[in-house]
Amino acid sequence: MPRLLALVPYLLARPGIEIAEAARDFGVSPRQLRKDLELLWMCGLPGYGPGDLIDLSFEGETVTVTFDAGMRRPLRLTGSEATSMLVALRALAETPGVADSADRDAVHRAIAKIEAASGEARPSGVVVGNGVREAENTARARRTVSEALKARKALRLRYYTASKDEITERTVDPMRLLIVQTFGYLEAWCRRAEGVRLFRLDRIDGAEVLDEPAAPPPEARPTDLSHGVFAERPGQGEADLVLERDLRWVAEYYPCEELAELDGGRLRVRMRYGDESWMVRLVLGLGGGARVERPEELASAVRRRAAEGLARARHLPVT
Numbered sequence: 000m001p002r003l004l005a006l007v008p009y010l011l012a013r014p015g016i017e018i019a020e021a022a023r024d025f026g027v028s029p030r031q032l033r034k035d036l037e038l039l040w041m042c043g044l045p046g047y048g049p050g051d052l053i054d055l056s057f058e059g060e061t062v063t064v065t066f067d068a069g070m071r072r073p074l075r076l077t078g079s080e081a082t083s084m085l086v087a088l089r090a091l092a093e094t095p096g097v098a099d100s101a102d103r104d105a106v107h108r109a110i111a112k113i114e115a116a117s118g119e120a121r122p123s124g125v126v127v128g129n130g131v132r133e134a135e136n137t138a139r140a141r142r143t144v145s146e147a148l149k150a151r152k153a154l155r156l157r158y159y160t161a162s163k164d165e166i167t168e169r170t171v172d173p174m175r176l177l178i179v180q181t182f183g184y185l186e187a188w189c190r191r192a193e194g195v196r197l198f199r200l201d202r203i204d205g206a207e208v209l210d211e212p213a214a215p216p217p218e219a220r221p222t223d224l225s226h227g228v229f230a231e232r233p234g235q236g237e238a239d240l241v242l243e244r245d246l247r248w249v250a251e252y253y254p255c256e257e258l259a260e261l262d263g264g265r266l267r268v269r270m271r272y273g274d275e276s277w278m279v280r281l282v283l284g285l286g287g288g289a290r291v292e293r294p295e296e297l298a299s300a301v302r303r304r305a306a307e308g309l310a311r312a313r314h315l316p317v318t
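Quick note: the sequence shown uses numbering that gives the first Met the number 0, first residue 0, plus one each step.
Written out as structure tokens, the structure reads:
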């Protein structure tokens, strides 16, 4: 619903925009955006005749709103949304390369505008808590990373890898600090992995600036994030999953390619993964609401891990 309400004023401000570009801005696939546009065609003013409904004009791969049914005012930020944007902008303002450039003024102007408008921000019926705040350990990691980048020093990290469910010690050569989809990342040359890696700031358990210069090798290149952090990479596995109706949220929470709508509200999706053990834990954690169609190796690993878990729990009355 928020996406549909935002689409009309967005398209009014960009007549003739390409559908692919609009889809990227809203973080959905072009196919999903076309579905949204088809739904908008059925929305409008009471009476709901042809002259009352939202009207769209398509030309090739572009779209233009020709009748907005009064939906031309952009949505206001909720208190939670304003807080989230302020946290991200303040982190951006302290990012090396921005803090000392002309972009810094633009960032601070945006902060001032959001702060001025925050008094008008409306509460949202689905917000839990009083907004998004950066955790102290994340703020501490960001300050240490910023210090290392400014001084061009190496870092020693204690880092939690969610895909492998393990904590490792690494020495890295920092390259840049990024904010991608509201998360802060350190991009660095990892001496342990001998490659460029992204480290989420909220998963850094400890960071220490070393008394040695950061020296990424010549082959270290910035990661292409034009398609997001989870873009397709060589060597990744692919799994086709069937999600029960109550688990359709998985396709929105994790990067997935939607394959088909099934009966009973079920959904078939394709998900890429870099570590089989992580994928096994994900499927098992969904409590039987997800079924692996392929690859067979993954399905076998899920069955084997489930059987091992049941064997270990046989002494419990509930089993």
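Note that CB positions come from ideal geometry on N, CA and C, so glycine has one too.
- For the pair Leu156 and Pro254, the Cα-to-Cα distance works out to about 27 Å.
- For the stretch 135-180, the continuous beta strand (DSSP E) assignments of 3+ residues that do not extend past its boundaries occur at 152-160 and 165-179, in sequence order.
- Residue pairing for Thr63: DSSP places it in a beta bridge opposite Ser56.
- Here DSSP, grouped into helix, strand and coil, assigns Arg267 to strand.
- Residue pairing of Asp239 in beta bridges, as defined by DSSP: Arg269 and Arg293.
- In the displayed model, Gly43 falls within a strand according to three-state DSSP.
- Under the three-state reduction of DSSP output, Leu197 falls in the strand class.
- Spatial neighbours of Val291 in its own chain (CB-CB distance under 8 Å, excluding positions within 5 residues in sequence) are listed in chain order as Ala238, Asp239, Leu240, Val282, Leu297, Ala298 and Val301.
- Following the DSSP letters along the chain, one finds Ala12 in no beta strand (DSSP E), marked with neither H nor E.
- Arg271 and Arg293 have their C-alpha atoms some 12 Å from each other.
- Taken through DSSP and simplified to helix, strand or coil, Val106 comes out as helix.
- At the C-beta level, Met70 and Pro29 stay beyond 8 Å of one another.
- Comparing alpha-carbon positions, the option among Leu197, Thr160, Trp188 and Glu168 lying closest to Leu177 turns out to be Leu197.
- Inclusion of Arg2 and Asp35 in the CB contact set at 8 Å is warranted, their separation being smaller than that value.
- Counting C-beta pairs closer than 8 Å gives fewer than three between the stretch 208-221 and the stretch 242-253, which falls short of the contact rule.
- According to the DSSP assignment, Trp188 belongs to the beta strand (DSSP E) that extends over Phe182 to Cys189.
- For Val268, the closest alpha carbon among the candidates Met278, Glu275 and Glu256 is that of Glu256.
- Residue state for Val27 is assigned as coil, using DSSP reduced to three classes.
- Excluding the 5 residues flanking it on each side, Ala305 has same chain C-beta neighbours closer than 8 Å at Leu283, in chain order.
- Secondary structure of Glu211 (DSSP, three-state): strand.
- Taking 8 Å as the cut-off, the beta carbon of Arg265 is found closer than this to the beta carbon of Leu242.
- Close CB contacts of Asp24 within its chain, under the 8 Å cut and outside five residues either way in sequence, are with Tyr9 (chain order).
- If you check the CB distance, Ile16 and Thr65 do not come in under 8 Å.
- Distance from the CA of Leu32 to the CA of Arg151, rounded to the nearest whole angstrom, comes to 43 Å.
- Where Glu256 is concerned, the enclosing beta strand (DSSP E) starts and stops at Cys255 to Glu260.
- Within its own chain, the residues whose Cβ lies closer than 8 Å to the Cβ of Leu261, once the five positions on either side in sequence are excluded, are Val241 and Arg267, listed in chain order.
- Between the alpha carbons of Ala68 and Phe182 lies a distance of about 36 Å.
- Taking the Cα positions, Leu44 is about 26 Å away from Ala22.
- Exclusion of the five residues before and after Gly205 leaves Arg157 as the residues of its chain whose Cβ lies within less than 6 Å of its Cβ.
- Of the residues His107, Met278, Ile53 and Trp188, the one whose Cα lies closest to the Cα of Thr222 is Trp188.
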